[in-house]
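Protein chains in written order, with full-length UniProt numbering: chain P, 1 to 290; chain R, 1 to 290; chain H, 1 to 290; chain D, 1 to 290.
Number of protein chains: 4
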Amino acid sequence: MYETHLSNRARLLISCPDQPGIVAAVSQYLQEQQANIVQSDQYSTDPEGGTFFMRIEFNLPSFEERFPRILQGFASIADSFQMSWRLEQERKRKKMAVFVSKEDHCLLELLWRWRSGELEVDIPVVISNHDHLRDIVESYGIAFRHIPVTKETKLQAEQQQKEVIDSYDIDFIVLARYMQILSPSFVKSFQHKVINIHHSFLPAFIGANPYQKAFDRGVKLIGATAHYITDDLDEGPIIDQEVLRVNHRYGAKDLKVAGRNVEKIALARAVDWHIQDKILVYENKTIIFN
Amino acid sequence: MYETHLSNRARLLISCPDQPGIVAAVSQYLQEQQANIVQSDQYSTDPEGGTFFMRIEFNLPSFEERFPRILQGFASIADSFQMSWRLEQERKRKKMAVFVSKEDHCLLELLWRWRSGELEVDIPVVISNHDHLRDIVESYGIAFRHIPVTKETKLQAEQQQKEVIDSYDIDFIVLARYMQILSPSFVKSFQHKVINIHHSFLPAFIGANPYQKAFDRGVKLIGATAHYITDDLDEGPIIDQEVLRVNHRYGAKDLKVAGRNVEKIALARAVDWHIQDKILVYENKTIIFN
Amino acid sequence: MYETHLSNRARLLISCPDQPGIVAAVSQYLQEQQANIVQSDQYSTDPEGGTFFMRIEFNLPSFEERFPRILQGFASIADSFQMSWRLEQERKRKKMAVFVSKEDHCLLELLWRWRSGELEVDIPVVISNHDHLRDIVESYGIAFRHIPVTKETKLQAEQQQKEVIDSYDIDFIVLARYMQILSPSFVKSFQHKVINIHHSFLPAFIGANPYQKAFDRGVKLIGATAHYITDDLDEGPIIDQEVLRVNHRYGAKDLKVAGRNVEKIALARAVDWHIQDKILVYENKTIIFN
Amino acid sequence: MYETHLSNRARLLISCPDQPGIVAAVSQYLQEQQANIVQSDQYSTDPEGGTFFMRIEFNLPSFEERFPRILQGFASIADSFQMSWRLEQERKRKKMAVFVSKEDHCLLELLWRWRSGELEVDIPVVISNHDHLRDIVESYGIAFRHIPVTKETKLQAEQQQKEVIDSYDIDFIVLARYMQILSPSFVKSFQHKVINIHHSFLPAFIGANPYQKAFDRGVKLIGATAHYITDDLDEGPIIDQEVLRVNHRYGAKDLKVAGRNVEKIALARAVDWHIQDKILVYENKTIIFN
């Protein structure tokens, strides 16, 4: 790819104590650096003394020359407002690893959206505790690593997973119906960098077998929830949810089959937002600028 | 209204142990009675030894003469298949009482759909533990009874409510955001005859203040659940559920305001199905033939 | 109401040729005026030479003193960027007139949302070509004007309507299932200030009897479209659309009854956005900042 | 597969002039043949003199012996009520051919649902006017036939297509974003046996480039329509429709990308209903018994 085709788009994400003047200071600075703001969103938990969040997309001509300068120069503004911040370049695609077990619907949805160009991400590797999906993954030209997990070998397995992740320089992980619970230390290493799909409308039906529980309760809508993983099972910040109408004719197995279609939609949307840096996490919630 | 305008439509609802021959026996019998079946639905929990449910709508010429005969004659078929059954006449509109507190959105939705002819029901009386909604109710030509409820007077109040309900010959009760919990004995007297609207997507956020809980959890969809009341709070058979997409900009109060619009939709739909005898209750679930 | 309770919130809406520096200039200016930006949205049809749109909400302490200054001072910035712009104060509620014929569902939805505080607007008057809805309107403490319309008297009737509108200092008009077509001169006087609800999913089923047409075509979803009125019937900028799933059991009349519930939802949402100055019109489309 | 695992389920589809006694006669007959009705649906365009439609699912013990008898014996009942009818066996899976061009999303959705067991159908062959999707199709173990189509060779190409279809004993065809218009004679040979997905919410945006048209009109929802092909382009009986909310930020290309996700859902659902014999066509509409 020639440099002239590279995107000149960057994204600035900020959070800080709210106070007057933030928008003016940031936009003034970007203007001085010749950046052209093409989108900006902001949210404040409370205009009087709350936390302020902002996401700015800008185009930057002469990107290669100016981007490092902005990265350096912004630090002083950030300091004066006590900002947490990060600056992302669209031309630098994120690297995503997918963890799967045996079910393929979420994986295939991600792979299809990736190949069609809908997900602007790199997928160097898929990791699985089973060998079932090797062929399909490799047919997409993606490395497949089979790392079996048992109760006894769990920590060793996670060590292997981490090595694979490091070796591919992975930015974030997607659990595409990966049926294993990750250890607290693993979760800690990847805070707000592991997206899971839970097959229920959280907080209903936390834990195992949500479709059976939904059947037993006789609900009229089933759902799926994409969320960041935290130590509390199924309690992490919710990114997206989707539902589907069902009726008394659906047995537990039918709910499971129908549910696949909402699982993959909710997960794909959440992954897309993560890729485009549209998600900010605040306490145990997400702010989605889309 | 002249008799010639009265509906000749009737509805037969059946549940019994499943076995071959039920549909044939029932439809044969109705055919012999000159009834013309215009709709029929059935469901079996398990074709091999489960429970069988059926709802049949039929037109019956010379209704006044033949209907009592069918009512009488069907008993022997019902006995031979061990059926629970009921036979409803469309011309005999159900009588519905509405219980409210101070919030009016569910009540007004029901009143509007009633006046527009969408809900084919009579509403002789609205009962409230507050006097706030008297004027609006009376402007619809409906009696309004203010029966205050305190912890101490609860059982007396329920006694008064029952007297009002008896005096109006009420068939079923709708709790349109009625903020009181009914006593077990009251619930028992009206089994599967009290419809409540809970302001969450059950079983998420059972109990008080669901919108605050939804806000605290950071959900991306809020919901409402219409269900029959049982002794277990918010655990009765679900009739209908509806959801609405929300985002981080919604505070707890905004969720409450937005939620009204799904509450009233789910409740109105559930009431309509009840009126049209489209709901069969099986264990703690509903079968909706619509 | 005491001054201290008045809102200090204002909204600035801008459109202009896109170029670098707009956001910086505007936010810098507001910052100098002590305004605290609490929300800002922007959109550009094309970052290279397109049209730029922005909506900013800000809080302004000492509102009464400073607001007129901003109003005056902003003109020079606006000039330098060739902006079309307007500045709205939340404390100055818009005045809305509703036009109706005989059907009441859209009117009642608006009145209920108005009384519940969901629509922050004043409704001084309802105008109708029939006298049917007088009682209900007057029960809300709103003036009702019956102005009959026939082919022959149409222009005179519109003249009377304009006088009523002027006398109440109306800001915008909502056609809540008003079954008359407005003349080009009337439409011209209220450009982007008349919101209509069309009872189909435009551009499907333009013109009269859309539910009959939807029935004839056998569609599986019906819809409603809220849009600004222009001279081309049903061709004005679309503000919002909503749909509802139907099936073969719905006759044309059932579609009409069911459709009311999407009509009122789409219309109420569009009106709410208009009230909050969330809509910018660009050519024949709307930009909704919500 | 051993015979003992074969399904004993059959489906009877009927349409005839409405008159009393149809349900009784049919269910009586099935009862005599030892069939156990597990589901039945019916619909009448008008109980007084309209057309009557029925779909019955039944289990039949000793299937191999009794099914041919039913097939033969039912003819006399059918005659007496002037029925059009067909009797389908679940154990005899339909054979489906898929026509594609270059876009793969609808094809892949069908293939995935087929492999996961969600679509109970056989897919012996995929036919395309391009060679692009050969590898992916063959990786599923399905034959791929490349039959180029030009204006000049269209009829010859259709002749080839028919030969392939005959050679695989195909029951129905799915146009999964096949960008060619079929000739009247081809359509005639496969009446109500060719399902197409049109990438708009019909009847809006008939013909080519619907996403561009949707963009130009500024709609707030985009849609997709699955329908049977008839000679009138995009005018055939609608089977299913699905929509997706969009906003001003979607360019024509974004609409196209987003639209893929509703196209594949609507198409997959329509195909599933066709496979399960849930669709009856009446004039230019469908009756869906689901």
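In this text, a Cβ means the ideal position worked out from N, Cα and C, and glycines have one as well.
If we count the other Cβ atoms within 10 Å of its Cβ and call it buried at 16 or more, is R/Leu221 buried or exposed? buried
Decide if D/Thr153 is buried, meaning its Cβ has at least 16 other Cβ atoms within 10 Å, or exposed. exposed
Of all the residues that make up the segment 268-290 of chain D, which are near chain H by a beta-carbon distance shorter than 7 angstroms? Asn284, Lys285, Thr286, Ile287, Ile288
For P/Glu3 and chain R, any beta-carbon pair shorter than 8 angstroms? Any reading at P/Glu3 is ruled out, since the residue's pLDDT is 43, under 50, leaving its predicted position unreliable.
Just reading off the beta strand (DSSP E) that R/Gln198 is part of, what are its end residues? The question names Gln, yet the displayed sequence has His at residue 198 of chain R. From DSSP, the beta strand (DSSP E) with R/His198 extends over 194-198.
Please list the terminal residues of the continuous beta strand (DSSP E) segment that includes H/Phe172. 172-175
May I ask you to report which of helix, strand or coil DSSP gives H/Val38? strand
Less than 8 angstroms between the beta carbons of D/Ile22 and D/Phe81, yes or no? yes
Length of the line joining the Cα atoms of D/Gln72 and D/Phe215: 55 angstroms
Less than 8 angstroms between CB atoms is the rule here; does P/Val257 satisfy it with respect to chain D? yes
With three or more C-beta pairs closer than 8 angstroms as the rule, is the segment 166-185 of chain R touching the segment 87-103 of chain R? yes
P/Tyr211 - containing alpha helix (DSSP H), residue span: 210-217
According to DSSP, residues forming a beta bridge with P/Tyr43: P/Phe53
What distance in whole Å lies between the Cβ atoms of R/Glu57 and R/Arg9, which are believed to be in contact at a cut-off of 8 angstroms? 6 angstroms
Tell me the residue span of the beta strand (DSSP E) that contains P/Asp122. 122-128
Check each candidate in H/Val246, H/Ile147, H/Ala266 and name the one with the smallest Cα separation from H/His199. H/Ala266
Using a Cβ-Cβ cut-off of 8 angstroms, state whether R/Ala24 counts as contacting chain D. yes
For H/Leu155, report the span of its beta strand (DSSP E) as first-last. Per DSSP, H/Leu155 belongs to no beta strand (DSSP E); it is in the alpha helix (DSSP H), 154-167.
At the 8 angstroms Cβ level, is D/His227 part of the contact set with chain P, yes or no? no
Round the Cβ separation of P/Val126 and P/Val137 to the nearest angstrom and send it over; I've been treating them as touching at under 8 angstroms. 5 angstroms
Per DSSP, which one or two residues make a beta bridge with P/Pro20? Answer by DSSP bridge pairing: none, since P/Pro20 is not bridged.
Start-to-end residues for the beta strand (DSSP E) that takes in D/Met72: Strictly speaking, residue 72 of chain D in this sequence is Gln, with Met absent from that position. No beta strand (DSSP E) holds D/Gln72; the alpha helix (DSSP H) holding it covers 63-80.
Report the rounded CA-to-CA distance for D/Leu202 versus D/Asp234, giving the unit in angstroms. 8 angstroms
Assign R/Asp104 to buried or exposed, taking buried as 16 or more other Cβ atoms, counted over all protein chains shown, within 10 Å of its Cβ. buried
According to DSSP, is P/Gly259 helix, strand or coil? helix
Scan the segment 49-67 of chain H for residues whose Cβ lies nearer than 7 angstroms to a Cβ of chain P and list them as they occur along the chain. Asn59
Start-to-end residues for the alpha helix (DSSP H) that takes in H/Glu138: 134-139
Whole angstroms are fine: how far does the CA of P/Lys253 sit from the CA of D/Ser27? 30 angstroms
Cβ of R/Tyr211 less than 8 angstroms from any chain P Cβ? no
Which class does H/Leu244 belong to by DSSP, given the choice of helix, strand or coil? strand
Counting contacts by CB-CB distance shorter than 8 angstroms, is R/Val243 in contact with chain P? yes
Helix, strand or coil for P/Leu87? Go by DSSP, reduced to three states. strand
Would you mind telling me which residues of chain R sit closer than 8 angstroms to P/Arg249, beta carbon to beta carbon, in chain order? Tyr43
Could you tell me whether any Cβ in chain R is nearer than 8 angstroms to the Cβ of D/Gly21? yes
In chain P, which residues lie with their C-beta within 7 angstroms of the C-beta of D/Leu108? Trp112
Are any of the Cβ atoms in chain D nearer than 8 angstroms to that of H/Ala204? yes
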